[in-house]
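Each residue of the sequence shown is one higher than the one before, starting from 165 at the first, in the numbering used here. Backbone N, C-alpha and C define an ideal beta-carbon position, used for all residues, glycine too. Here the structure is laid out as structure tokens; the discussion comes afterwards.
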Amino acid sequence: MTALVNSPAVVMWSSGNEVWNQTFAKGYQMVEMLQSIFHRLDPTRPVTCGMDQAKTVIYNGFAAAVELPGFNYRTGRYIEAYNHLPQKMILGSETASTVSSRGIYKRPAIIQPDAIYPDGQCSGYDLEYCAWSGLPEQDFELQDDYPWTLGQFVWTGFDYLGEPSPYDTDAWPSHSSYFGIIDLASLPKDRYWLYRSQWNTVEPTLHLLPHWNWQDGDHVPVFCYTSYPEAELFVNGKSQGRLRFATRDETDRLRRGEYIEGVSTMPDVGSFAIPDWGTAPRPELLPRYRLMWHDVPFEAGELKVVAYAADGSVAAEESVHTADAPHHLQADWANEHEGADELAYLTVSVRDKDGNLCCDAAPLIAIQTDGCTFVAAANGDSRSLDSFVQPQMHAFAGQCTFIVKGHGTATLSADEILPTTIRL
165 MTALVNSPAV VMWSSGNEVW NQTFAKGYQM VEMLQSIFHR LDPTRPVTCG
215 MDQAKTVIYN GFAAAVELPG FNYRTGRYIE AYNHLPQKMI LGSETASTVS
265 SRGIYKRPAI IQPDAIYPDG QCSGYDLEYC AWSGLPEQDF ELQDDYPWTL
315 GQFVWTGFDY LGEPSPYDTD AWPSHSSYFG IIDLASLPKD RYWLYRSQWN
365 TVEPTLHLLP HWNWQDGDHV PVFCYTSYPE AELFVNGKSQ GRLRFATRDE
415 TDRLRRGEYI EGVSTMPDVG SFAIPDWGTA PRPELLPRYR LMWHDVPFEA
465 GELKVVAYAA DGSVAAEESV HTADAPHHLQ ADWANEHEGA DELAYLTVSV
515 RDKDGNLCCD AAPLIAIQTD GCTFVAAANG DSRSLDSFVQ PQMHAFAGQC
565 TFIVKGHGTA TLSADEILPT TIRL
């Protein structure tokens, strides 16, 4: 306990998460008792509790007893809670639970909870979530517009083994979560860049999705996550339009169904029932935080986004290209590492002859080490049954991760693809 009390990483204590006594008439007594213990052991930090029964705890005294009320999801009740609770502040103790699979994109790109597909994946367009949760924009808006919100803990930063919602019933071999901003192989999903565009105020963000490998005649939703105020999309040099982010006032107009020149239109919303304890989707918020071209005709070649600074000058650009057949493996260190005992993360990707990512390639990739030691491997596929501790791994969406330690070389190889060697 002493070490924790002295740790600057601890900013508050939690007395529980989704505890059974939230709905009890005198459940608040347990909160008060636990908080008194925390304060006796450490009087320097506040205490929170993650509550998911918002409809009840706002009025039965439970939330009022929590020093820093933590709400798990339930963004639709934040203002109601603020108006009723004496603390006049709310913490997002669990937020979002948006689900996605890295590199997998489903059409049409519509907002919907609990969407399932024959391949057991979730769409990388970041528009799907579980019935109890929502999309990142619902939390972005609360933190931007209401100073009494204290921030959020996203569920989750990384995927993890277990809880493969929405594939949690008769859905084997799905066995790890889809919630993560970063997948089980430590590879960032597109949603990573959406959060980065809002949270990283030091370095600019520009990220384009999806991949550009479709069929002739396809019409493809294209999204851009960026910290720049405007961007223009091009297909083989032909402009698909220039967009800017909606303002707060324009968000209200979008909700009323107005069209606003130069602002993304809202994504469609699927047909579904909203649980009594759930939160209605807020499609009008997305044009405030994403640039979206919903119907881009596919044409093999280059998909490029050009970002503009506030003064209208070109600030940055990013491109993705249609990939040819797999040609070679590429290996890149994903983290800095110096000591012989430090874990080194090696991202391995399947590339065509021009270096473009082959986004649907799934070869079995083997690793041979000389001097350094193989530790583990993963690919981010929630349905993959490859062993984490064997020196081989199938690529998923063209990529996988190997973890090694020590100093030496690592050689990556796969059938009918040129190998690569990298030195540690």
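Length of the line joining the Cα atoms of Arg209 and Phe462: 55 Å
Element boundaries [alpha helix (DSSP H), containing His203]: Tyr192 to Leu205
Contact set for Glu258: own chain, Cβ-Cβ below 7 Å, skip 5 residues either direction: Gly214, Asn236, Tyr237, Phe317 and Trp319
Assigned secondary structure, Ser403 (DSSP; H/G/I helix, E/B strand, else coil): strand
Helix, strand or coil at Gly240 [DSSP, three-state]: helix
Chain B within 9 Å of Ser361, Cβ atoms only: The structure shown contains no chain B; it is built from a single protein chain.
Lys468, buried or exposed, once every other Cβ within 10 Å from all chains shown has been counted against 16: buried
Near the ligand NAP: Gly401 beta-carbon under 8 Å from a heavy atom: Looking at this structure, you won't find the ligand NAP or any other ligand, since it has none at all.
Leu198 to Ser179 span [Cα, whole Å]: 6 Å
Distance, Ser261 Cα to His203 Cα: 31 Å
Any alpha helix (DSSP H) of 4 or more consecutive residues that is wholly inside the segment 412-490: 412-419 and 450-453
Environment of Gly151 [buried if 16+ CB atoms lie within 10 Å]: A question about residue 151 goes unanswered here, because the residues of the chain that appear run from 165 up to 588.
Coil, strand or helix - Asn247 by DSSP: helix
Span separating the alpha-carbon of Asn499 from that of Ala508: 6 Å
Element boundaries [alpha helix (DSSP H), containing Pro337]: Pro337 -> no alpha helix (DSSP H), and no H or E assigned at all.
Stretch-stretch touch, CB-based, cutoff 8 Å, three pairs: the segment 560-580 with the segment 488-495: yes
Sequence-distant residues of its chain with Cβ nearer than 8 Å to Tyr423 (five each side left out): Thr429
9 Å Cβ cutoff met for Trp376 and Gly519: no
Status (buried if at least 16 other CB within 10 Å, exposed otherwise) for Val478: exposed
Burial state of Arg446, where buried means 16 or more other Cβ atoms lie within 10 Å: buried
Start and end residues, beta strand (DSSP E) containing Arg515: Ala508 to Arg515
Glu231 versus Leu306: straight-line alpha-carbon distance, rounded: 20 Å
Sufficient close CB pairs (3 or more, under 8 Å) joining the segment 541-552 to the segment 347-357: yes
Ser551 versus His558: straight-line alpha-carbon distance, rounded: 10 Å
C-beta atoms of Leu249 and Ile222 nearer than 9 Å: yes
Alpha-carbon spacing of Lys190 relative to Pro207, whole angstroms: 25 Å
Selection from Gly315, Leu449, Asp488 and Ile529 that minimises the alpha carbon distance to Ala410: Leu449
Whole-angstrom distance between Val195 and Asn185, CA atom to CA atom: 9 Å
Minimum C-alpha distance to Ile531 - residue among Asp488, Gly405, Asp579 and Asp303: Asp579
Ile581 to Lys252 span [Cα, whole Å]: 60 Å
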